[in-house]
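These notes are about the structure you will find just below.
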Amino acid sequence: MQDRDATPASTTLSFPPQGLAPTREQVLRHLQRASAVAERATLLGHHPFGAILVGPDQETVLMEQGNVDTVNHAEAVLARVAAMNFRPEYLWGCTLYTTVEPCCMCAGTAYWANIGRVVFGLTEARLLEATGSHAENPTMSVSSRYVFDHCQKPVELIGPVPEVEEAILAVQRAFWAGR
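Here's what the structure looks like:
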């Protein structure tokens with residue numbers, strides 16, 4: 001008699017490693033670029049969040065996306081467009097860099113898009129400290145770590161990155177103080 005809780009070997013998920021790991025210099029450079037995208041978003045009247053997608057070589061920037069609105073966050077829009085334009089196997093080797101830790105919606109979208117690594121500069125908790133309970137930014141207390149820890153695929157999560165936190169916080173504070 002077969003154990004009902006056992007998963008047959010033929011249905012066990014397996015995923016290759018995410019490819020090259022980014023160097024510290026690459027992490028910092030790409031997070032700075034994502035921050036520039038966030039600042040550009042504010043010039044367009046949007047909230048200060050930015051994301052970029054970097055190819056498996058950890059150098060090639062494939063896409064950039066600023067925040068659009070409260071349901072079209074930078075990371076989610078980027079992940080959806082990436083899923084429409086790249087094969088899942090390719091995206092598994094890519095890295096999504098974002099200024100602030102992805103919310104549960106964005107983490108889930110990156111997961112479903114098959115993006116294998118996510119790097120963020122500032123935690124959602126630090127964002128909340130900087131913005132308070134602003135009506136335009138009702139921060140959730142569900143970490144991206146929690147989301148990824150409950151997935152079947154092992155998405156690698158890197159962050160926060162202390163070297164960029166203050167610069168990202170400065171952009172957030174300046175924007176939200178004027179709202």
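The sequence shown begins at 1 in the UniProt record's numbering and counts up one residue at a time. By construction, the Cβ of each residue, glycine as well, lies at the ideal position given by its N, Cα and C atoms.
Got a sec? Which residues, its chain only, sit under 8 Å from residue i by beta carbon, not counting five neighbours each side?
i      : result
Ala130 : Leu169, Gln172, Arg173, Trp176
Would residue i pass as an interface residue toward chain D - the criterion being a Cβ-Cβ separation below 8 Å?
i     : result
Gln65 : Structure shown: chain D not included; a single protein chain is present.
Between the options, which lies nearest to residue i when the distance is taken from Cα to Cα?
i      : options                      : result
Gly178 : Arg117, Pro162, Thr42, Thr70 : Thr42
Ser144 : Pro56, Arg117, Ala135, Leu44 : Arg117
Gly55  : Gly45, Ser35, Thr95, Pro48   : Thr95
Thr70  : His46, Leu91, Leu62          : His46
Ala34  : Met84, Thr109, Val119        : Val119
Expressed to the nearest angstrom, what Euclidean distance is found between the alpha-carbon atoms of residue i and residue j?
i      : j      : result
Glu89  : His150 : 21 Å
Glu163 : Gln32  : 10 Å
Ser141 : Pro102 : 11 Å
Glu166 : Asn137 : 19 Å
Arg4   : Tyr111 : In this prediction, Arg4 has a pLDDT of 41, which is less than 50 and means its spatial position is unreliable; nothing more can be read from the coordinates.
Pro48  : Gln152 : 31 Å
Phe148 : Leu53  : 18 Å
Thr23  : Val61  : 15 Å
Ala38  : Asn67  : 7 Å
Glu124 : Asn114 : 22 Å
Leu127 : His30  : 20 Å
Leu28  : Leu91  : 21 Å
Pro154 : Tyr146 : 12 Å
Leu157 : Ala36  : 21 Å
Could you tell me whether the Cβ atoms of residue i and residue j are closer together than 8 Å?
i      : j     : result
Gly50  : Ala74 : yes
Gly121 : Thr99 : yes
Met63  : Leu44 : no
Gly19  : Gly93 : yes
Thr109 : Arg87 : no
Leaving aside the five residues before and after residue i along the sequence, list all residues of the same chain whose C-beta is less than 6 Å from its C-beta, in chain order.
i      : result
Gln26  : Gln58
Ala21  : none
Cys106 : His73, Glu75, Ala76
task = Return the chain-ordered ranges of every beta strand (DSSP E) run that is complete within the UniProt domain "CMP/dCMP-type deaminase" (25-134) and spans a minimum of 3 residues.
result = 50-54, 61-66, 95-100, 117-122
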